[in-house]
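Notes to accompany the following structure.
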Amino acid sequence: MFDLEKAILGWRDSREREGSLSPRELDELEDHLRAHVDLELELDAALAPERAFAIARHELGRATVLSREFAKAGKPRWRRWLFAGWGMYAASWFLPVYELFGTTYGYEMLGELTGDRADAAIFLAMNLAMVMTLPVLRRRRLSRNRWLRRWVGGVGLGAVGMVIAAIVWGSIDTGGVGWLHPFPFLVGSWTWIASFLCVAKALRLRAKEWRSANPGEVLAS
302 MFDLEKAILG WRDSREREGS LSPRELDELE DHLRAHVDLE LELDAALAPE
352 RAFAIARHEL GRATVLSREF AKAGKPRWRR WLFAGWGMYA ASWFLPVYEL
402 FGTTYGYEML GELTGDRADA AIFLAMNLAM VMTLPVLRRR RLSRNRWLRR
452 WVGGVGLGAV GMVIAAIVWG SIDTGGVGWL HPFPFLVGSW TWIASFLCVA
502 KALRLRAKEW RSANPGEVLA S
């Protein structure tokens, strides 16, 4: 015997596996599916629930089509933060980063830091955190991993702390001349730091979206 509730749950599971929709989006689609089934049954009292479900399912379309339609409908907040962060990250490599014995640009940091193994390892670990967020741009579920959010956010906050410490120490070392002046850090440094903080916020918003339909995950977090 046909079980409508079981069929709807199976439909939702298949959409979740095949597509890239979040639980919140799936909730909305499930509501549409249920409403469509109810409408079909109201319009034709003789219609079997199985047939009504088949018609409603066909009208909603496949998971890949649904994903594209949701993307066209507008970008959620997490996507705006993510694109903003990645835009700043890319721009920071072509902006002046600091000025000591001349202006150094972001891309020139690669050559300077790769000469020392310890510096190169730290530099790689910091930037690898950002590279690891690339799959999220394609709506992958990597953002559900708490360690990635902490890694990206930790890099941003750690960089803020290091820059402030360097500024304060430099001011003390020079006898208070130019106290708390941002020299030698230029716009590229602040843009690079801000990019990590923006992406960390995007990952946090995205993770909340994934958890929205699963109370167990919300309580566990």
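Residue numbers (my numbering): 302 to 522.
Cβ coordinates follow ideal geometry from the N, Cα and C atoms, glycine included.
Item to check | Rounded separation between G454 and E319 - CA only | outcome: 30 Å
Checklist entry - Nearest to L358 by CA position, among A460, L344, L305 and F424, is which residue? => result Reading off the sequence shown, one finds Arg at residue 358, where the question assumed Leu. Considering only alpha carbons, the answer is L305.
Checklist entry - Alpha carbon to alpha carbon, what distance is there between V488 and T434? => result 23 Å
Checklist entry - Does the segment 394-403 come close enough to the segment 450-469 to have 3 or more Cβ pairs within less than 8 Å? => result no
Item to check | Close beta carbons around G457, own chain, < 7 Å, minus the five adjacent residues each side | outcome: I494, F497, L498 and A501
Item to check | For R450, the nearest candidate out of M431, E343 and I468 (CA to CA) | outcome: M431
Checklist entry - Which first and last residues belong to the alpha helix (DSSP H) in which Y399 is found? => result Looking at the DSSP string, Y399 is not in any alpha helix (DSSP H); the run it does join, the beta strand (DSSP E), is P397 to E400.
Item to check | Whole-angstrom C-beta distance between E343 and F303, which should lie under 8 Å | outcome: With a Cβ gap of about 18 Å, F303 and E343 do not count as contacting.
Checklist entry - Quick one: what does DSSP say F303 is sitting in, helix, strand or coil? => result coil
Checklist entry - Nearest-angstrom Cα distance between R380 and L348? => result 42 Å
Item to check | Assigned secondary structure, T404 (DSSP; H/G/I helix, E/B strand, else coil) | outcome: strand
Checklist entry - Excluding the five sequence neighbours on either side, which residues of its own chain have a C-beta within less than 6 Å of the C-beta of T405, listed in chain order? => result V398 and Y399
Checklist entry - Shortest alpha-carbon distance to L334 belongs to which of E360, K307, W470 and R325? => result E360
Next on the checklist: How far does the alpha helix (DSSP H) with M427 in it extend, from its first residue to its last?
Outcome noted: R418 to V432
Next on the checklist: Nearest by alpha-carbon distance to S490: which of A392, S315 and G403 is it?
Outcome noted: A392
Next on the checklist: Suppose contacts are defined by Cβ-Cβ distances below 8 Å. Is I309 in contact with E341 by that definition?
Outcome noted: no
Item to check | Backbone CA spacing between E329 and G388 [nearest angstrom] | outcome: 31 Å
Checklist entry - Cα-Cα, which of R505, E317, I468 and L506 is closest to L401? => result I468
Checklist entry - Taking Y390 as the reference, which of A419, K307, N428 and A421 has the closest Cα? => result N428
Item to check | Residues bridged to F354 (per DSSP) | outcome: None; F354 has no bridge partner.
Item to check | Beta-carbon contacts of E317 that lie in its chain and below 7 Å, excluding the five residues immediately before and after | outcome: L327
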